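In full-length UniProt numbering, the protein residues as written are 1 to 161.
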């Protein structure tokens, strides 16, 4: 028996999710495959991948800083942390970018659950109803800084006498 998967989200699911997000004050755009959060200075996002994503999530949980986290399906772990406070954190934003994080702001769109993507559907790792707050970007910056400081340093060259 052949199984097919939907390539778009049902109108009812999309409509219910859009209402929920609008009640939170989020700017949301409807797409063919789901919903997209339109970022701004009040609500933005930081995307981390791979081991950095796992370590940042552990740090945030251990320090009771966890906010909403969107999980993006694919071969490599991808997580998008919703954040606030972008106006007051240019140095934190620059440090995040230097560490390999992607900062989404100023009208960037990010997929919101239940958006269907090529590798599956975006989902909440930590839903907005589970999170006690949306953390400031400096909290994610502290997590990334802490994780990167604990990584073992690899030698890039060997000194010979």
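Think of the CB as a built atom: it goes at the ideal place given N, C-alpha and C, for glycine as much as any other residue. Note that the coordinates shown come from a computational prediction; the quantities given were computed from them, not determined experimentally.
A distance below 8 Å separates the beta carbons of residue 105 and residue 86.
Within the same chain, Cβ atoms closer than 6 Å to the Cβ of residue 124 are found at 113, the five residues on either side in sequence being excluded. Looking at the DSSP output, residue 31 shares a beta bridge with 34.
Separation of residue 53 and residue 118 (C-alpha to C-alpha, rounded to the nearest whole angstrom) is 21 Å. DSSP, read as helix, strand or coil, puts residue 93 in helix.
Taking the C-beta atoms as reference points, residue 69 is found no nearer than 8 Å to residue 101.
For residue 52, there is no enclosing beta strand (DSSP E); the enclosing alpha helix (DSSP H) covers residues 50 to 62. Inclusion of residue 95 and residue 137 in the CB contact set at 8 Å is not warranted, their separation being larger than that value.
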